[in-house]
Amino acid sequence: MLKIYIYRKSINKYYISFIMITAFYLISLFPTLSRASTRKAVFDCMESMIQIINKSHHITLVRYKKDFRTFTLFGKRSNKKFIKVANSNKSVNRLIYFHVENSFLKILNDKIVKDKNLTYAINVHYFELLYSLIENDAYLKSKVKLEYSDYKSLRMGFDYKDAADEVKIWNALARIQVQVNNELKQLMQGSEFNQLLSLYPKLLQDTDRWFIAGIGNTDAQAATVARVAKSFEKSLANPIIRYADFKKMLHERLVTIESLRKEIQNNYINYPSLLHESKVNGEYVPSIELNAMVRKIDFDNPKYLEIFQDEIRVTYRIEVQKHMLAKIIDYYRLVDTFSPAVYQEETIFFDFSRSKFGVVSVDIAKVGAKGLHQTMSHLVGIVDPDIAVQEARLGYEIVKTELENSQKYLMHSIGELNTHSEVDYDSQRIIASGDDLVWFPKSKLRDKDKVALLRLLQHSSNPSEYRLVFLPKKFEDEEVTIPSRYQSSLLVMGEELEKSIRDFTTKVMGATLLNKFGIGIDIKVHKEQIVFNIMIATRKNSFEEYEGVVTVAAENFFKNTSNLKIGKVIKVND
542 MLKIYIYRKS INKYYISFIM ITAFYLISLF PTLSRASTRK AVFDCMESMI QIINKSHHIT
602 LVRYKKDFRT FTLFGKRSNK KFIKVANSNK SVNRLIYFHV ENSFLKILND KIVKDKNLTY
662 AINVHYFELL YSLIENDAYL KSKVKLEYSD YKSLRMGFDY KDAADEVKIW NALARIQVQV
722 NNELKQLMQG SEFNQLLSLY PKLLQDTDRW FIAGIGNTDA QAATVARVAK SFEKSLANPI
782 IRYADFKKML HERLVTIESL RKEIQNNYIN YPSLLHESKV NGEYVPSIEL NAMVRKIDFD
842 NPKYLEIFQD EIRVTYRIEV QKHMLAKIID YYRLVDTFSP AVYQEETIFF DFSRSKFGVV
902 SVDIAKVGAK GLHQTMSHLV GIVDPDIAVQ EARLGYEIVK TELENSQKYL MHSIGELNTH
962 SEVDYDSQRI IASGDDLVWF PKSKLRDKDK VALLRLLQHS SNPSEYRLVF LPKKFEDEEV
1022 TIPSRYQSSL LVMGEELEKS IRDFTTKVMG ATLLNKFGIG IDIKVHKEQI VFNIMIATRK
1082 NSFEEYEGVV TVAAENFFKN TSNLKIGKVI KVND
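Below you can see the structure in the form of structure tokens.
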């Protein structure tokens, strides 16, 4: 196990050290010394517990995150200009798009690093190296017309004269990316990153496949063809794929997609838990819930088909043969090639040091699965790649609108909370980045107000889509602030607990209950242990129906830990 070193400033920094000559002043100093001693004891305990939560707190990695945490390659103005042109989704004469993104981001975030600040730092470092080399290349620099960056991708538009000029740009970018890939491999093979990734040797070997890239006449084309590289077993000689070169392959892929969809539809059209009717064309495609299940599959496990089969059997009480499961997975992977690029006008940073009265983390669940469902629906019957990338963009816009509505409902609920409470809560202090939201209350959030918020969210169309984690500003019973570098890890732990509870409950009680209850995780950080209280919100008086199963799920989640424990299971009914 990676040994954890926490970088912290001296606890005595804010205390004056000198010898007092009067007994009165010595006595008056005792409480201050006591608080310093308590702070040291609490921090030491936290450092021990944080090993369970996160392995990315090595002193070198902490400094690495700090160096890149708030680094922004391009500003809002540059991004807006890029989006305005790219959103038209039309070929622009004499403009070629370059798109590079981290294709392993979800795996790094959810299974390995489990620290979004660190994965963001890796991404930004990579993009910064790539862009600096482009800037140092006089030819490429003269061709740049559009620039865009966010937490997971770098995109640029280059002007060109003719086909020969296009090839020259392509080759120049490829040489630079090979160089940056080599630097990334050296960085990941350094002692701290190596230990962090030691359980995933294949991932460590394939660092030249982490960041995939493509070029095309639209950003959608470049993004689509870049994702083709993810399906290749080995890296290509040229790490940047041209849309024009793979257009025929994309056509064949679309033909296969439709063939697989029809076979899946013919076999499972009478199973509404597996297939949903598309609102686009009346045909049937895998449900959002099934897509969410496929997205969780660990394909590194040689028994993943058996595990997938058991998941469907237990969750939906349906027996699906392995050869059909393999086709569902193939269909999912091929469709994912056409998942459109997401745009953000500016990169949002969750600066937990801003928190004065704690943090409420809200994750809107299954946005990725909803996006895939829409892409599947819009690709039905489409075999022309040019039309496919445009249709996929239309599906993305639907999911984007749904996400914005979910965000608005959350803000509305917080506004309602403010109306019915004597404490002043400001819903405008919500910071959103995609499906992740952070709320910094302007007053201390009381336990009864946390319950009230969950009760308000129960009236949404889908209460289960809100994954709430409440984290206080200070340790319980201690006037000691929780360091901001620990807050991200604690919030991730709360999110993982909620996911585990929901997955376990669904398997035991059936998938039909999935959307009928909400869960909030309320974290209490004590001097020697971290306690996770679980709030269950139901529309009907069915708390007892869930309580036992939820308790077992939570206890299983923490069964091998001593400093992390489950507290109360709290009823939140209308």
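Just so we're aligned, residue 542 is where the sequence shown starts under the working numbering, counting upward by one. Quick reminder that beta carbons are idealized off the backbone N, C-alpha and C, glycines included.
- Put simply, the backbone Cα of alanine 929 is about 22 Å away from that of alanine 833.
- Around the beta-carbon of arginine 696, 16 or more other beta-carbon atoms lie within 10 Å, marking it buried.
- Taking C-beta atoms as the reference points, proline 780 and asparagine 722 count as a pair closer than 8 Å.
- Taking a C-beta distance under 8 Å as the contact criterion, tryptophan 980 and valine 1066 do not qualify as a contact pair.
- Within the same chain, Cβ atoms closer than 7 Å to the Cβ of leucine 958 are found at Tyr966, Asp990, Ala993, Leu994, Leu997, the five residues on either side in sequence being excluded.
- In the three-state DSSP reduction, tryptophan 711 falls in the helix class (H, G or I).
- Taking 8 Å as the cut-off, the beta carbon of histidine 953 is found no closer than this to the beta carbon of alanine 933.
- Of Gly975, Phe699, Gln948, the smallest CA-CA separation from asparagine 1003 is found for Gln948.
- Counting only runs of at least 3 residues, the segment 1057 to 1114 fully encloses the following beta strand (DSSP E) elements, listed from N- to C-terminal order: 1058 to 1066, 1071 to 1079, 1105 to 1114.
- When C-beta atoms of the segment 1028 to 1038 are compared with those of the segment 656 to 669, three or more pairs fall below 8 Å, so the two segments count as touching.
- About 16 Å separates the beta carbons of glycine 956 and leucine 1009, which is beyond the 8 Å limit, so they are not a contact pair.
- For the set Arg1026, Pro1013, Asn1074, the Cα lying nearest the Cα of isoleucine 1042 is the one of Asn1074.
- By the beta-carbon neighbour count (other beta carbons within 10 angstroms, threshold 16), phenylalanine 773 is exposed.
- The three-state secondary structure of valine 1010, taken from DSSP, is strand.
- Bridge partners of glycine 698 according to DSSP: Tyr638, Leu687.
- Taking all protein chains shown into account, aspartate 877 has 16 or more neighbouring C-beta atoms within 10 Å of its C-beta and is therefore buried.
- In the DSSP secondary-structure assignment, asparagine 643 is bridged to Phe752.
- Restricting attention to beta strand (DSSP E) runs no shorter than 3 residues, the segment 898 to 923 encloses them at 900 to 905, ordered along the chain.
- Residue range 971 to 974 is occupied by the beta strand (DSSP E) that includes serine 974.
- Taking the Cβ atoms as the reference, histidine 792 lies roughly 6 Å from valine 924, within the contact range of under 8 Å.
- Three or more beta-carbon pairs separated by less than 8 Å link the segment 742 to 762 to the segment 637 to 645, which places the two stretches in contact.
- In the three-state reduction of the DSSP assignment, valine 861 falls in the coil class, being assigned neither a helical nor a strand state.
- About 6 Å separates the beta carbons of lysine 1068 and phenylalanine 1016, which is inside the 8 Å limit, making them a contact pair.
- Between lysine 868 and leucine 801 a beta carbon distance of about 5 Å is seen, short of the 8 Å cut, so the two are scored as contacting.
- Of all C-beta pairs linking the segment 691 to 710 to the segment 723 to 737, fewer than three are shorter than 8 Å, placing the two stretches out of contact.
- Closest in alpha carbon position to lysine 788, among Asp747, Val708, Pro926, is Pro926.
- Between aspartate 678 and alanine 713, the gap from beta carbon to beta carbon is short of 8 Å.
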